[in-house]
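Here is the structure we will look at, set down as structure tokens.
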Ligand code: MG
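In our numbering, the protein residues as written are 2 to 364.
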């Protein structure tokens, strides 16, 4: 089989509600849909998702302008060789490369009529516990969001912190008082300036029985993260510090985290993300899967990983689909009582809808 065309289309889909964290406020997601055509008629579908600088349009430029030319004529089933080829020709730009890489897995799955999780080693669980994130807001706004999600069956909620210590503490105290048994975690999104400040805020927050504290400091500050980890009881989860397998190795060596938050988009695809799970496994660390949030294709890629990787220890964010009003694919993902069920169908289990792609495309 040979690749005959690769096409990335930037897509903008509104969110039902604006979402605010220390990273800013988002009213829509701008990702890119990737189509890989072959000489045998099979088409692979992928998605580049990023809330960071490049977003869907930048990822589409990287794919259409740089990566497509590199891969046309190549065998799409040689996923590892093509992944290394992309890395050799374009530094970083992981979300763009991930969009192509997951489309190659989709093609491989379709070519052997098997779901991607089967090709990654098979199901290790029959459902994946999900976590939902609460947009920053007043006590009443945060409680109102939580009421709806708990009624929907979610058992793990994540509160965004790191901007205003007084409102962080008040919101968490109110959530804990209202939901004594809920698993609660906080995500500072790099919001605290230095290790001692982070330790002080975490000591205030951990009196309310939190399961994790996510990314307290700047991603590069491995020594600072280690200091924080050694001075608080609650496990520290690295998110922005761990994009690639190399980042994961550095974080594990530094003893900077107890948990990795792994993204298919930030790792550069399903394969690199699976390699981070392997590093964590060898380092006796546990993981979750994080979200940008993705549309149906990106969420399906996360889902196949989530059903095949053994060392997931907490609720994961494999539910970008619920943060959007619509989609450009039909997917097989089902959420039941706060759990994700295994995807079905060959490959990633998604089918592109040309009408909805035309409605939401940005170019
Ligand atoms: Mg995070």
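By construction, the Cβ of each residue, glycine as well, lies at the ideal position given by its N, Cα and C atoms.
Under three-state DSSP, which class holds residue i?
i, result
"residue 90", "helix"
"residue 120", "helix"
"residue 28", "strand"
"residue 5", "strand"
"residue 160", "strand"
"residue 194", "coil"
"residue 245", "coil"
"residue 82", "helix"
"residue 56", "helix"
"residue 329", "coil"
"residue 217", "coil"
"residue 15", "strand"
"residue 33", "strand"
"residue 265", "helix"
"residue 336", "strand"
"residue 208", "helix"
With distances taken from CA atoms, which of the options is nearest residue i?
i, options, result
"residue 159", "184, 202 and 283", "184"
"residue 236", "261, 82 and 113", "261"
"residue 241", "2, 27, 51 and 19", "51"
"residue 75", "2, 42, 229 and 13", "2"
"residue 221", "239, 208 and 212", "239"
"residue 330", "65, 251, 355 and 142", "355"
"residue 223", "198, 253, 147 and 145", "253"
"residue 71", "88, 321 and 60", "88"
"residue 193", "180, 174 and 161", "161"
"residue 302", "207, 41, 269 and 215", "269"
"residue 189", "298, 110 and 135", "135"
"residue 44", "112, 67 and 66", "112"
"residue 13", "228, 324 and 348", "324"
"residue 120", "349, 244 and 362", "349"
Please report the residue range of the beta strand (DSSP E) in which residue i lies.
i, result
"residue 238", "237 to 239"
"residue 134", "132 to 135"
"residue 188", "184 to 188"
"residue 278", "Premise fails: residue 278 lies in the alpha helix (DSSP H), 271 to 283, not in any beta strand (DSSP E)."
"residue 49", "44 to 49"
Would you call residue i buried or exposed, if buried means 16 or more other Cβ atoms sit within 10 Å of its Cβ?
i, result
"residue 149", "exposed"
"residue 81", "exposed"
"residue 172", "buried"
"residue 257", "buried"
"residue 273", "buried"
"residue 285", "exposed"
"residue 15", "exposed"
"residue 77", "buried"
"residue 146", "buried"
"residue 364", "exposed"
"residue 311", "exposed"
"residue 32", "buried"
"residue 42", "exposed"
Residue range of the alpha helix (DSSP H) that residue i falls in?
i, result
"residue 107", "95 to 113"
"residue 290", "It is not in any alpha helix (DSSP H) - residue 290 instead sits in the beta strand (DSSP E) that spans 287 to 290."
"residue 229", "223 to 232"
"residue 140", "140 to 152"
"residue 297", "297 to 307"
"residue 70", "69 to 72"
"residue 361", "355 to 361"
"residue 170", "166 to 179"
Worksheet item: Pairing CB atoms from the region 95 to 106 with CB atoms from the region 51 to 62, are three or more of them under 8 Å?
Response: yes
Discussion item. For the structure I just gave you, are there three or more beta carbon pairs, one from the region 335 to 355 and one from the region 124 to 139, closer than 8 Å?
Written reply: yes
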